[in-house]
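Chemist: In full-length UniProt numbering, the protein residues as written are 1 to 177.
Here you go, one structure.
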Ligand code: 3AM
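Next comes the structure, spelled out in structure tokens:
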């Protein structure tokens, strides 16, 4: 199974995020049902390891906390824009939860994640040099700020590549208290 741990987003927020989509040739906009905030990408694991991961995630104790999406940005690689995303307001509680997830996964036998946690919600994937349309997207939406929502659980998702793109399935939810 190909797995990742993420936060679900409330539907009204997904609908608001889907309004960012605009005509940008070559951009693959994330459909609302696939929107999420990745806490940790895990990758392909055998079923027995997935069960250990599930147990480790169950053992996490953390508090419900509010989260605000704000601003937009891009990821770039080798001079090409690879993703457009909505940003997250700095949240020590989110960092705390992410650290707990990372610790739990290492306890379940995974190698440490070396990349820094850069919380975001991917809006579109693409692969093109920066251009005027992308600059306008950034400038036009940099004041974006959504209403806070309450993070009450986190989720272990599996991901399958279908004909129409990735299909994510919530394998389990882990409640915060
Ligand atoms: O939260 P986002 O959409 O940025 O890009 C994938 C997605 O991130 C990322 O995991 C999330 C759920 O699929 N992802 C996919 N393959 C990856 C890899 N090999 C990866 N992240 C790191 N390494």
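Glycine included, every Cβ here is placed at the ideal spot set by N, Cα and C.
Just so you know, these numbers come straight off a predicted model, no measurement behind them.
Tell me whether the beta-carbon of residue 145 lies closer than 9 Å to the beta-carbon of residue 79.
Modeler: Taking the first residue of the chain shown as position 1, residue 145 is located at position 145. Taking the first residue of the chain shown as position 1, residue 79 is located at position 79. For residue 145 and residue 79, no; Cβs fall outside 9 Å.
Chemist: Skipping 5 residues on each side, what residues in its chain have a beta carbon closer than 7 Å to that of residue 133?
Modeler: Taking the first residue of the chain shown as position 1, residue 133 is located at position 133. So the qualifying residues of the chain are 24.
Chemist: Within 10 angstroms of its Cβ, does residue 155 collect 16 or more other Cβ (buried), or is it exposed?
Modeler: In the chain shown, residue 155 corresponds to position 155, counting from 1. Under this definition residue 155 is a buried residue.
Chemist: Identify which residue in 7, 33 and 6 has its Cα closest to the Cα of residue 15.
Modeler: The residue labelled residue 15 in the question sits at position 15 within the chain shown. Cα-wise, what sits closest to residue 15 is 33.
Chemist: Report buried or exposed for residue 120, applying the criterion of at least 16 other Cβ atoms within 10 angstroms of its Cβ.
Modeler: The residue given as residue 120 occupies position 120 in the chain shown. Result: buried.
Chemist: Using the Cα positions of residue 162 and residue 168, report the straight-line distance between them to the nearest angstrom.
Modeler: Start at 1 with the first residue of the chain shown, and residue 162 comes out as number 162. Start at 1 with the first residue of the chain shown, and residue 168 comes out as number 168. The straight-line gap from Cα to Cα measures roughly 10 Å.
Chemist: With respect to 8 Å, is the separation between the Cβ of residue 166 and the closest non-hydrogen atom of the ligand 3AM below this value?
Modeler: Taking the first residue of the chain shown as position 1, residue 166 is located at position 166. Under cutoff, so the answer is yes.
Chemist: Starting from residue 129, trace the beta strand (DSSP E) in both directions and tell me its first and last residue.
Modeler: As a first step, residue 129 is located in the chain shown; it is residue number 129 there, counting from the start. Residue 129 -> beta strand (DSSP E) spans 120-129.
Chemist: Specify, as a first and last residue, the run of the beta strand (DSSP E) that residue 160 falls within.
Modeler: By one-based count along the chain shown, residue 160 stands at place 160. Start and end: 153-162.
Chemist: Using only alpha-carbon positions, find the residue among 142, 81 and 40 that is nearest to residue 99.
Modeler: Numbered from 1 along the chain shown, position 99 holds the residue referred to as residue 99. Of the listed residues, the one whose Cα sits closest to residue 99 is 40.
Chemist: If you drop the 5 nearest sequence neighbours on each side, which residues of the same chain put their C-beta closer than 6 Å to that of residue 21?
Modeler: As a first step, residue 21 is located in the chain shown; it is residue number 21 there, counting from the start. Correct list, in chain order: 29.
Chemist: What did DSSP end up calling residue 18 once you bin it into helix, strand or coil?
Modeler: Within the chain shown, numbered from 1, the residue matching residue 18 stands at position 18. Here residue 18 sits in helix by DSSP.
Chemist: Looking at residue 36 and residue 117, is the spacing between their C-beta atoms short of 9 Å?
Modeler: Translated into positions along the chain shown, residue 117 becomes position 117. Translated into positions along the chain shown, residue 36 becomes position 36. No, Cβ-Cβ distance for residue 117 and residue 36 is not below 9 Å.
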